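Going down the list, the sequences are from chains A and B.
Note that the numbering used here has the first sequence beginning at 3, numbered continuously upward.
Note that the numbering used here has the second sequence beginning at 3, numbered continuously upward.
Note that beta-carbon positions come from the ideal geometry of N, C-alpha and C, so glycine has one too.
From a predicted model like this one, the values you see are computed outputs, not experimental measurements.
Worksheet for the structure shown next.
2 protein chains.
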Amino acid sequence: MASVRGPADAAYEQLRSLIFRGELQPNERLVEVDLAARLRVGRAVVRTALVRLGQDGIVVLTPHRGARVKLVSEAEAVEIVQTRAVLEALTSRQAAVQATTREIDGLRRTLERMSARLAAGDLLGYSEGNAALHAGIIAASRHQTAARLISGLRAQMVRFQFRTILVPGRPPESYQEHSAIVEAIAAHDPDAAEAAMRHHLRGVERTLSRTNRAEVP
Amino acid sequence: MASVRGPADAAYEQLRSLIFRGELQPNERLVEVDLAARLRVGRAVVRTALVRLGQDGIVVLTPHRGARVKLVSEAEAVEIVQTRAVLEALTSRQAAVQATTREIDGLRRTLERMSARLAAGDLLGYSEGNAALHAGIIAASRHQTAARLISGLRAQMVRFQFRTILVPGRPPESYQEHSAIVEAIAAHDPDAAEAAMRHHLRGVERTLSRTNRAEVP
DNA sequence: GCGGACAAGATTGCGAACAATCTTCCGAAG
DNA sequence: CTTCGGAAGATTGTTCGCAATCTTGTCCGC
Numbered sequence: 003m004a005s006v007r008g009p010a011d012a013a014y015e016q017l018r019s020l021i022f023r024g025e026l027q028p029n030e031r032l033v034e035v036d037l038a039a040r041l042r043v044g045r046a047v048v049r050t051a052l053v054r055l056g057q058d059g060i061v062v063l064t065p066h067r068g069a070r071v072k073l074v075s076e077a078e079a080v081e082i083v084q085t086r087a088v089l090e091a092l093t094s095r096q097a098a099v100q101a102t103t104r105e106i107d108g109l110r111r112t113l114e115r116m117s118a119r120l121a122a123g124d125l126l127g128y129s130e131g132n133a134a135l136h137a138g139i140i141a142a143s144r145h146q147t148a149a150r151l152i153s154g155l156r157a158q159m160v161r162f163q164f165r166t167i168l169v170p171g172r173p174p175e176s177y178q179e180h181s182a183i184v185e186a187i188a189a190h191d192p193d194a195a196e197a198a199m200r201h202h203l204r205g206v207e208r209t210l211s212r213t214n215r216a217e218v219p
Numbered sequence: 003m004a005s006v007r008g009p010a011d012a013a014y015e016q017l018r019s020l021i022f023r024g025e026l027q028p029n030e031r032l033v034e035v036d037l038a039a040r041l042r043v044g045r046a047v048v049r050t051a052l053v054r055l056g057q058d059g060i061v062v063l064t065p066h067r068g069a070r071v072k073l074v075s076e077a078e079a080v081e082i083v084q085t086r087a088v089l090e091a092l093t094s095r096q097a098a099v100q101a102t103t104r105e106i107d108g109l110r111r112t113l114e115r116m117s118a119r120l121a122a123g124d125l126l127g128y129s130e131g132n133a134a135l136h137a138g139i140i141a142a143s144r145h146q147t148a149a150r151l152i153s154g155l156r157a158q159m160v161r162f163q164f165r166t167i168l169v170p171g172r173p174p175e176s177y178q179e180h181s182a183i184v185e186a187i188a189a190h191d192p193d194a195a196e197a198a199m200r201h202h203l204r205g206v207e208r209t210l211s212r213t214n215r216a217e218v219p
């Protein structure tokens, strides 16, 4: 992660994390003075943090009416997954070319951990492994531009974070798909890596569009 | 284009346009008071505009050292084109599904205009048509998420705007590629549309990595 | 002549106060 | 009872001012 360069950056990261962790819920109004008190900083700092969050689509700023955590619709969620799909397919392809042996070992270890969690029925742990695996692939790709955009897209998906994992029968599928991605990268086969990642996120998209209800608490 | 909702947004758009048009050159220092005087707004407005531009990677903000127009390296330019490639391939695919007859007619007309400019040796006009065609395809795709990201990426490419067009023998190739994209969309063939766009931007990428020198004034 | 401390100027970061705008609540008319 | 109007409160947008930090120029020792 990028280190924090000042109190302003710290506030930005904190707000982002608060939204990501669900402490600030979608559609919740973000009042500047309240946030300033909560984060122990001035209103100006909160303000610029909100501008930044607005620019990467995590909150929506309406003039004279303040900021709210963006509530992404089902349709937008599908758009976001589609976009992530093509971007992560790109990183997967690049990772197949660039990944070091060390990085590939790391991916394999993460995969094993995921397998263990899955066998133990620990879906939350599996989900964490999932995130770690994607992060590892992105890091191995050394593609800064794609990495930046993907990070922005992930932040918008809070509401749907665990939805796909909770669908009965989905986790084993998911595990197979991830395994295929890692093997393609390990084999240094860009085309296969890209195809496997696309296949995986097409699965996520299908699962998502099928569960157009049932909020997660 | 999104309409301007206030003086703050106006300043953001103006700065963006200034950078895009080359009036503020890469690596140029952006002093807040100077810009404020130039745009006839307060320093705070300039400040938030700079924060926004910083967030979408067009300027780089160094704490206590101000803002500069980001100078993108050749390597970054390649990354950006690769990223645009996959994103625009997505919009191209969606456009093949979603485009109305009216929109397809519009694309065809733009293509004809490009052909005329090319025949007349008007490379600048051709380049404008190029931009219009890509914009038309993105609009026809109705893919807001991809559209937003592509718009951000385009803004970073100022330095390389005309470079590929100026390569001898490239324009006719480029025209053929664009023609193929439009025909695939007109035929409502998503796979072909995606493939054609990928082919096109692979051409741009190759041309770009081959011209790793020769600045454009 | 050259390099490093030091001071002066320039610029950004931030807090406080004020103005502009929106929201809410209350009352009165229909 | 509903709806319109307006005033009070809340919240955002902007300006001002000052402290913190960086940059530049100068002077002194070597």
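Looking only at its own chain, which residues have a Cβ that is under 8 Å from the Cβ of A79 of chain A, when we skip the five neighbours before and after it? Only residues of its own chain outside the window of five on either side were considered, and among them M159, R161, F162, L210 have a CB closer than 8 Å to the CB of A79 of chain A, listed in chain order.
Item to complete: Name the one or two DSSP bridge partners that R70 of chain A has.
Response: For R70 of chain A, which the question treats as bridged, DSSP gives the partners A:R31, A:V62.
**OP:** Would you mind telling me which residues of chain A sit closer than 9 Å to R54 of chain B, beta carbon to beta carbon, in chain order?
**Re:** Simply V53, R54, G56, Q57.
Would you kindly work out how many angstroms separate the C-alpha atoms of L109 of chain B and A182 of chain B, rounded to a whole number?
Answer to the nearest angstrom: the Cα atoms are 12 Å apart.
Assuming L63 of chain B contacts L52 of chain B under a Cβ cut-off of 8 Å, what Cβ separation, rounded to an integer in Å, is found between them? Yes, L63 of chain B and L52 of chain B are in contact; Cβ-Cβ is about 7 Å, under 8 Å.
So, are the CB atoms of L41 of chain B and V47 of chain B less than 9 Å apart?
The criterion of a C-beta distance shorter than 9 Å is satisfied by L41 of chain B and V47 of chain B.
Exercise. Determine, using beta carbons only, whether H145 of chain A comes closer than 9 Å to chain B.
Key: At a cut-off of 9 Å between beta-carbon atoms, H145 of chain A makes contact with chain B.
Inset, instruction - Consult DSSP for R110 of chain A and reduce its assignment to one of helix, strand or coil. - result: In this structure, R110 of chain A counts as helix in the three-state DSSP scheme.
Verify the CB distance criterion: does A12 of chain A have a CB-CB separation below 9 Å to chain B? For A12 of chain A, the answer is no, since every Cβ of chain B falls outside 9 Å of its Cβ.
Original post:
Any idea if R86 of chain A is buried or exposed, counting beta-carbon neighbours within 10 angstroms, 16 or more meaning buried?
Top reply: Looking at its Cβ environment, which holds 16 or more other Cβ atoms inside 10 Å, R86 of chain A is buried.
| query | Just by C-beta distance, which residues in the segment 139 to 170 of chain A are closer than 9 Å to chain B? | reply | So the list reads H145, Q146, T147, A148, R150, L151, G154, L155, Q158, given in the order they occur along the chain.
From this set, B:H190, B:Q27, B:T93, B:I167, which residue's C-alpha is nearest T1 of chain B's C-alpha? Not covered by the structure: residue 1 of chain B. The range shown for chain B is 3 to 219.
Check your understanding: Does the segment 162 to 174 of chain A come close enough to the segment 117 to 136 of chain A that 3 or more CB-CB pairs lie under 8 Å?
Key -> At 8 Å Cβ cutoff, the stretches touch.
TODO: Give the residues from the segment 184 to 216 of chain B that approach chain A closer than 7 Å (Cβ to any Cβ), ordered along the chain.
DONE: Residues of the segment 184 to 216 of chain B with a Cβ closer than 7 Å to any Cβ of chain A: none.
Practice problem: Return the Cβ separation of V35 of chain B and R45 of chain B in integer angstroms, given the expectation that the two are a contact with Cβ distance under 8 Å. | Solution: With 8 Å as the limit, V35 of chain B and R45 of chain B qualify as a contact, their Cβ atoms being about 6 Å apart.
Quiz item: If you draw a straight line from the alpha carbon of A12 of chain A to that of G127 of chain B, how long is it in whole angstroms?
Solution: Those two C-alpha atoms are separated by around 46 Å.
Exercise for the section: Using a Cβ cut-off of 7 Å, pull out every chain B residue sitting near G8 of chain A, in sequence order please. Expected result: Under the 7 Å cutoff, chain B gives P65.
Contacting residues, own chain, Cβ-Cβ under 7 Å from H201 of chain B (five flanking each side not counted): For H201 of chain B, the CB contacts under 7 Å within the same chain, skipping 5 residues up- and downstream, are E179 in chain order.
Would you mind telling me which residues of chain B sit closer than 9 Å to I82 of chain A, beta carbon to beta carbon, in chain order?
Under the 9 Å cutoff, chain B gives T147.
request  = Go ahead and label R95 of chain A buried or exposed: buried means 16 or more other beta carbons lie within 10 angstroms of its beta carbon, across all protein chains shown.
outcome  = Buried: at least 16 other Cβ atoms inside 10 Å.
Practice problem: Note down the Cα distance separating I139 of chain B from V43 of chain A, rounded to an integer number of angstroms. | Solution: Whole-angstrom Cα-Cα distance: 45 Å.
Chain B residues whose Cβ lies nearer than 8 Å to that of E76 of chain A: None at all; the shortest Cβ gap to chain B is about 13 Å.
Check your understanding: How close, in whole Å, do the beta carbons of P28 of chain B and V99 of chain B come, if the pair is a contact with beta carbons under 8 Å?
Key -> About 38 Å separates the two Cβ atoms, so there is no contact after all.
Could you check what DSSP says for V43 of chain B in three-state terms: helix, strand or coil?
V43 of chain B falls in the coil class under three-state DSSP.
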